[in-house]
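A.B. asks: Below you'll find the structure I mean.
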Amino acid sequence: MSALRLTGAPTGPGAFSVPSRSAPGTVRAVVWGPPYAECDCPGWVYRKSCWHLGVVAAEVELEQIRKELACE
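First residue of the sequence shown? That's 936 in our numbering, and the numbers climb one at a time after it.
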């Protein structure tokens, strides 16, 4: 699965959509801007921890790698 960036410049803060693993057809909204992050899924609401944030973190890391490779 991957995150789709909706707002913000690559490698920076922004809003993302991430498909839900447990509810097919559902897309979760994630706001990313470390140290701040938030998701609209039940896991985040109740535990302040969720899989979707990890997907966004990985996508932002990939954006950074792509940026660095493009500069070589």
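Cβ coordinates follow ideal geometry from the N, Cα and C atoms, glycine included. Keep in mind that this is a model prediction, so the values were computed, not measured.
L941: buried (16+ other C-beta within 10 angstroms of its C-beta) or exposed?
C.D. replies: The residue in question, L941, is exposed, as its Cβ has fewer than 16 Cβ neighbours within 10 Å.
A.B. asks: Distance, Cα to Cα, F951 vs V980?
C.D. replies: Answer to the nearest angstrom: the Cα atoms are 17 Å apart.
A.B. asks: What does DSSP give as the partner residues of Y971 in its beta bridges?
C.D. replies: Paired residues: G968.
A.B. asks: The beta strand (DSSP E) with G978 in it runs from where to where?
C.D. replies: Looking at the DSSP string, G978 is not in any beta strand (DSSP E); the run it does join, the alpha helix (DSSP H), is 977-982.
A.B. asks: Have a look at V990 and S937 and give me their C-alpha separation to the nearest angstrom.
C.D. replies: Approximately 6 Å, taken between the alpha carbons.
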